[in-house]
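A.B. asks: Here it is: the structure, laid out below.
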Amino acid sequence: MDKVIKLGLNKYPTIPHTLRSAPKLNEPAQEISVGLAQLFHHYYLDTYGRRPPSPDPTQFEHVRFLLPTSDFRFQGGGLGISTAARRSRSCELGQAFCRWFLHEHLNITYFAHMGDLLDRQLHRAFGGCSISRVKSGDTPDYFCAESVDRVFLAEAKGRYTSIGFATKEFDGWREQFNRVQVLDAAGIPHSVKGHVVATRFATERDSAVVRTTLLAEDPQSPGERPLDGELARVLGSAIIGSHYSRIAEKLDQPLLAAALRNGITLPPEILVPVVVWELAMPLFKGRRFVGGYFSPDDIPAFRVIDGKVVANRNDPFRLDRPRATFFGVEEKIFRQIVMVCRSTGRFDEQLNQLENIEAIYSGISMLRDGSIIGPAEFFLPVGTATL
Numbered sequence: 000m001d002k003v004i005k006l007g008l009n010k011y012p013t014i015p016h017t018l019r020s021a022p023k024l025n026e027p028a029q030e031i032s033v034g035l036a037q038l039f040h041h042y043y044l045d046t047y048g049r050r051p052p053s054p055d056p057t058q059f060e061h062v063r064f065l066l067p068t069s070d071f072r073f074q075g076g077g078l079g080i081s082t083a084a085r086r087s088r089s090c091e092l093g094q095a096f097c098r099w100f101l102h103e104h105l106n107i108t109y110f111a112h113m114g115d116l117l118d119r120q121l122h123r124a125f126g127g128c129s130i131s132r133v134k135s136g137d138t139p140d141y142f143c144a145e146s147v148d149r150v151f152l153a154e155a156k157g158r159y160t161s162i163g164f165a166t167k168e169f170d171g172w173r174e175q176f177n178r179v180q181v182l183d184a185a186g187i188p189h190s191v192k193g194h195v196v197a198t199r200f201a202t203e204r205d206s207a208v209v210r211t212t213l214l215a216e217d218p219q220s221p222g223e224r225p226l227d228g229e230l231a232r233v234l235g236s237a238i239i240g241s242h243y244s245r246i247a248e249k250l251d252q253p254l255l256a257a258a259l260r261n262g263i264t265l266p267p268e269i270l271v272p273v274v275v276w277e278l279a280m281p282l283f284k285g286r287r288f289v290g291g292y293f294s295p296d297d298i299p300a301f302r303v304i305d306g307k308v309v310a311n312r313n314d315p316f317r318l319d320r321p322r323a324t325f326f327g328v329e330e331k332i333f334r335q336i337v338m339v340c341r342s343t344g345r346f347d348e349q350l351n352q353l354e355n356i357e358a359i360y361s362g363i364s365m366l367r368d369g370s371i372i373g374p375a376e377f378f379l380p381v382g383t384a385t386l
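Going by numbering that gives the first Met the number 0, the first residue of the sequence shown is number 0, and it counts up by one from there.
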């Protein structure tokens, strides 16, 4: 299911092709579509350590409060009845929109929360490189990466009030990029290209003229030299490790998550047992994932009948029984991640990414990092492995 939002860009000399009003025109489109399953996917990866309250993308908790219109608009006055609740929910959703936008339109795949990297050594094997705070106040939300050597900063905002590039608020968001710096082993600061992604959410109480709008700008952090070479790769490796550490937590792999988060190796005596799954559709036969499912109750989601694994419908008369939700990572990518943790603990080479991702079903989302989420009945276990 898609919803439509308005778009505004600032300081992008070259407009990404997916955001152009016409393929050969270097000007932005006035509106873009948002896939709700993909939006939930980013929200889940960003917000929850393991199980979300409702893991089914088709029951994304915010979707229940959207109006049944083509544009992205909330019922009533928006999520939450108190100012604090509205501010918290809009902030969370603003971060999901930021990740979705950078992933879908700027080819940025990996995300690490600033708090995971700030004021600590990036990698145990490459001492001296660090990220530090130089001013008090809020910092950007993320370090993110397109690849191991292409690194960016990102700041996400979500609100119900009007936003604009020429406002005092936007100036404040730009200032956040001046509060952190990336230092090499000699203590020299390096500049990092960034993105501010701010989303204003429209509600039922707003006039029809007011629409949900996403504004994006690409400021740059101060520094004496651009971030490139070995320093970029060290930071990129830390970002990718942090990104997959959160995914490993969701896969119930705490030791793997700790190794990824801290850039350390897994000793051979620590094994990584996994279950391997396939999409239960002939078109995608052969595409395998490491993962499992979250269940709304204690009833097994699958059972074996005549030697075949089938979805378990314990009450076939009911059509409204909550379904389990699968979460996993593409098998080859997962094996690469474990191999890195078995060797150096550092992502020196670029990981595989899923490209040309086929549309499967509106309730299934698959991202370039290999992660996938969707109804469990679309997946079948095909074996186990110990890595």
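The C-beta atom is built at its ideal place from N, Cα and C for all residues, glycine as well.
Would the segment 270-288 and the segment 316-332 be scored as touching if the rule is three or more Cβ pairs under 8 Å?
C.D. replies: Touching, yes.
A.B. asks: Give the straight-line distance between the Cα atoms of V153 and S20, rounded to the nearest whole angstrom.
C.D. replies: Correcting the residue identity first, residue 153 is Ala in this sequence and not Val. So the two alpha carbons sit approximately 24 Å from each other.
A.B. asks: When the Cα atoms are used, what is the spatial distance from A124 to P12?
C.D. replies: Residue placement at A124 cannot be trusted, given a pLDDT of 46 that sits under 50; what the coordinates show is reported in the next sentence. So the alpha carbons of these two residues sit roughly 37 Å apart.
A.B. asks: Can you give me the C-alpha to C-alpha distance between A231 and D148, rounded to a whole angstrom?
C.D. replies: Rounded to whole angstroms, A231 to D148 spans 5 Å at the Cα level.
A.B. asks: Just mark P218 as buried or exposed, buried being the case when its beta carbon has 16 or more other beta carbons within 10 Å.
C.D. replies: P218 is buried by the Cβ-count criterion.
A.B. asks: Rounding to the nearest angstrom, what Cα-Cα distance links N9 and F169 in this structure?
C.D. replies: Looking at the two C-alpha atoms, the distance is approximately 12 Å.
A.B. asks: On the CB-based measure, 16 or more other CB atoms within 10 Å of its CB, does I371 come out buried or exposed?
C.D. replies: Buried, by the Cβ-count rule.
A.B. asks: Of the residues T198, Q349, N355, K2, which one's Cα is nearest the Cα of S473?
C.D. replies: In this structure the chain extends from 0 to 386, so residue 473 is not present and cannot be described.
A.B. asks: Any contact between the segment 90-103 and the segment 351-358? By contact I mean 3 or more CB pairs, one from each, below 8 Å.
C.D. replies: At 8 Å Cβ cutoff, the stretches do not touch.
A.B. asks: Rounded to whole angstroms, what's the CA-CA distance from R302 to R312? Just pull it up for me.
C.D. replies: Cα to Cα, the separation comes out at about 9 Å.
A.B. asks: Please list the terminal residues of the continuous beta strand (DSSP E) segment that includes N106.
C.D. replies: First-last for N106: undefined, no H or E at that position.
A.B. asks: Could you tell me how far apart the beta carbons of G7 and T264 are, in whole angstroms, since I believe they sit closer than 8 Å?
C.D. replies: Incorrect: roughly 45 Å between the Cβ atoms, too far for contact.
A.B. asks: Apart from the five residues on each side of it in sequence, which residues of its chain come closer than 6 Å, Cβ to Cβ, to R210?
C.D. replies: Around R210: K5, D70, A201.
A.B. asks: Less than 8 Å between the C-beta atoms of R322 and P374, yes or no?
C.D. replies: Yes; because the gap between Cβ atoms is below 8 Å, this pair is in contact.
A.B. asks: Could you check what DSSP says for A124 in three-state terms: helix, strand or coil?
C.D. replies: Note on A124: pLDDT 46, under 50, position unreliable in the model; the coordinate value appears next. DSSP places A124 in coil when its eight states are reduced to three.
A.B. asks: According to the neighbour-count rule (16 or more other Cβ atoms, all chains shown, within 10 Å of its Cβ), is G344 buried or exposed?
C.D. replies: Buried.
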